[in-house]
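Worksheet for the structure shown next.
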């Protein structure tokens, strides 16, 4: 049966008994447990409920969703790391996982020893590893250090080696979780290319979980959206990203963040940051998915304006790697109404950010004293995308910077007198 | 590139009946060996004395016991030099001690592997057992050398020596599997095992002969399945008196049942390891 799906999940469900869990698990869905105080007796937490989907051979399937939505649980079930409680999964072929790159890596062992150990742990036979050793080492670019203990490697080298081992798994189904978050841009690019070629030329099926929309949009043929353990969307990457970021409610990706609970250690007086709402070109529906080059606006809801008199608002964009991209500071603002509640709008006529993920820090200062009165780090997170650009142009841009600068290119012969550009 | 038609794997909720993954363990034999090799390498890497520690440990232990039990307490060693007598005891005892200690720790020490990748769970304790067997081979060589120096020529019963060691390994492995599974939830087990092993050492005929135990402790002593097996090993190697049929039967029966129960107990709890560890 050539057309039989490679992965068939029917009504998959899994519950954790939170009262019995160790600290690791409690941390994994911290808010849920802490909301009801200390976990009492045996409360069941449904990590996945009734998830069904099929994946045909050769497809790259993406899985996105907020933290704690069940993405990793799904992968852990498919890799048989953990059990499922309800439903059934059918897997046609061997499963290889890049769940945690470098699991089993031991710092005291040499690169070569770790390749064997890690390969074995991931399901490779010894002979197979010997055959692929040169290829793995070349991909990781650690040839000279093969017999050096991994504890003397740089982080980048260790990560490259670990990914190289996993990428050379001879599995029919590859499960990939967030591995592309590591390594530098050039290496990430090679990882993406490698995964693409595994699917295209090798006929492998890839299931790819990520928080980063860039590789999702670039590689995946199809994307599942998981929210609170349920499958809420199954379709094209572009639509999935929109469904995820444009969805209603107050959660990651909605474009609306209540900030009152996340206040910083500033004394509780003066202006208070209450809410951040981000809108796209239409300036009506909140969204955290913004198009590069299109208009966007940040609405910052404040209260207590009347107590301070005049305030100055600062907005900073940073990449998800923590690099500060730009900081915008308002002029001295004063309240127009009497309630002291105000919405400060920062409008961007043309968003100059390259596709990628950015976090937004907010701060407020008193214009009189110049002292900060409130601030929230990572108040919101936006995903910038660009539909107009081809995949590759997009990725190249993403790898090379965070800001799109509007420039004009021209050529002219060197011996000709300088004149206006001729294209 | 076309790939051969692959087999179908069905994942379903775990059944109530424990399903020991022995077939999967066999398929993962490469991993078992690689993990054992890792344990052995790691133990001696960046040590100046290296493998010498495997030899020095039993020698020092035997010397201390010979002085305390043979010299100070003046116990009988069944006509064999006390040092050789205790060295044989320690060689067999170390199979039990290090198997129990290492298998108990095997899951928690490899927690990352348990919670993040699929390795047949049995591979971890079993690889710990393989690593102990390597140490055992070295200490058996040591025992042979010491016997040769002392001019002790074993009789034909020496051929049974590996059987005793295997039985001890099975008994200890079974106990280790139960404890390893329990330790996933209760880390206390780690401390309890270290204490337990120290106590059982003195409740077993390692530093002294079973014959030296007063008759009023007889019943209590017969409860310890190690008595028959440890005395059996010493009988095989040194020609000391063989253990009584009762103690022998108790030891052998326990050693055969323990690994079976251990594997079943382990398999029963295996589905939850990744969530609890």
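Chains as they are written, first to last, in my numbering: chain W, 1 to 423; chain R, 1001 to 1277.
Every residue, glycine too, gets a C-beta built ideally from N, C-alpha and C.
Everything numeric in this text was worked out from a predicted model, so none of it was measured.
query                                                                                                                                                                            : result
Counting Cβ pairs closer than 8 Å, one from the segment 72-86 of chain W and one from the segment 1006-1020 of chain R, do we hit at least three?                                : yes
How would you label residue 38 of chain W, buried or exposed, when you count the other beta carbons within 10 angstroms and need 16 or more for buried?                          : At residue 38 of chain W, the pLDDT of 44 sits below 50, so the modelled position is not reliable; the number obtained from the coordinates is stated separately. When all chains shown are included, residue 38 of chain W counts as exposed.
Taking its Cβ as the centre, do 16 or more other Cβ atoms sit within 10 Å of residue 1149 of chain R, making it buried, or is it exposed?                                        : exposed
Pull up the CB-CB distance for residue 14 of chain W and residue 47 of chain W, whole angstroms please, since I reckon it's below 8 Å.                                           : 5 Å
Could you tell me which residues DSSP pairs with residue 61 of chain W in its beta bridges?                                                                                      : W:207 and W:222
Does DSSP classify residue 1263 of chain R as helix, strand or coil?                                                                                                             : helix
Please report the residue range of the beta strand (DSSP E) in which residue 258 of chain W lies.                                                                                : 256-258
Take the Cβ of residue 1210 of chain R as the centre, count every other Cβ of all protein chains shown within 10 Å, and call the residue buried at 16 or more, exposed below.    : buried
Please report the straight-line C-alpha distance between residue 426 of chain W and residue 1115 of chain R, rounded to a whole angstrom.                                        : Outside the modelled stretch of chain W, which goes from 1 to 423, sits residue 426 of chain W, for which no answer is possible.
Starting from residue 106 of chain W, find everything on chain R with Cβ-Cβ shorter than 8 Å and list it in chain order.                                                         : 1038 and 1042
At least one CB of chain R closer than 8 Å to the CB of residue 121 of chain W: is that the case?                                                                                : yes
What does the alpha-carbon distance come out to for the pair residue 1168 of chain R and residue 1271 of chain R?                                                                : 28 Å
Below 7 Å CB to CB, which residues in the same chain sit around residue 1095 of chain R once its five sequence neighbours on both sides are set aside?                           : 1132, 1136, 1165, 1168, 1169 and 1172
What's the call for residue 403 of chain W, buried or exposed, on a 16-neighbour Cβ count within 10 Å?                                                                           : exposed
Assign residue 76 of chain W to one of two classes, buried (16 or more other C-beta atoms within 10 Å of its C-beta) or exposed (fewer than that).                               : buried
What does the alpha-carbon distance come out to for the pair residue 1053 of chain R and residue 381 of chain W?                                                                 : 56 Å
Cβ closer than 8 Å: which chain R residues qualify as neighbours of residue 88 of chain W?                                                                                       : 1010, 1011 and 1012
Which residues mark the beginning and the end of the alpha helix (DSSP H) in which residue 1125 of chain R is found?                                                             : 1123-1150
When you compare only the Cα positions, how much space is there between residue 1092 of chain R and residue 1078 of chain R?                                                     : 17 Å
Taking Cβ-Cβ distances shorter than 9 Å, what residues in chain R pair up with residue 97 of chain W?                                                                            : 1116, 1117 and 1118
From residue 366 of chain W to residue 344 of chain W, what does the alpha carbon distance come to, in whole angstroms?                                                          : 15 Å
Do you know how far the Cα of residue 1125 of chain R is from the Cα of residue 1279 of chain R?                                                                                 : Residue 1279 of chain R is absent from the model: chain R starts at 1001 and stops at 1277.
Using beta carbons (cut-off 8 Å, strictly below), is residue 75 of chain W in contact with chain R?                                                                              : no
What residues from the segment 157-178 of chain W come within 7 Å of chain A, judged by C-beta to C-beta, listed N to C?                                                         : Among the chains of the structure shown, chain A does not appear; the protein chains present are W and R.
Looking at residue 128 of chain W: is its Cβ nearer than 8 Å to the Cβ of residue 172 of chain W?                                                                                : no
Give a yes or no on whether the minimum CB-CB distance between residue 1020 of chain R and chain W is below 8 Å.                                                                 : no
Considering just the uninterrupted stretch of the beta strand (DSSP E) at residue 357 of chain W, what are its terminal residues?                                                : 356-366
Select from W:341, W:151, W:260 and W:120 the residue whose C-alpha is nearest the C-alpha of residue 310 of chain W.                                                            : W:341
Whole angstroms are fine: how far does the CA of residue 205 of chain W sit from the CA of residue 1236 of chain R?                                                              : 58 Å
Is any beta-carbon of chain R found at less than 8 Å from that of residue 55 of chain W?                                                                                         : no
Along the segment 399-413 of chain W, where does the CB come closer than 8 Å to a CB of chain R? Name the residues.                                                              : none
With a threshold of 7 Å (Cβ to nearest heavy atom), would residue 1271 of chain R be considered close to the ligand ADP?                                                         : The ligand ADP is not part of this structure, which contains no ligands at all.
Leaving out the 5 sequence neighbours to the left and right, which residues in its chain are closer than 6 Å to residue 1238 of chain R when beta-carbon positions are compared? : 1080 and 1088
Considering just the uninterrupted stretch of the beta strand (DSSP E) at residue 385 of chain W, what are its terminal residues?                                                : 372-385
Taking only beta-carbon positions, decide if residue 500 of chain W is within less than 8 Å of chain R.                                                                          : In this structure chain W extends from 1 to 423, so residue 500 of chain W is not present and cannot be described.
For residue 151 of chain W, which residues does DSSP report across the bridge?                                                                                                   : Per DSSP, none; premise fails for residue 151 of chain W.
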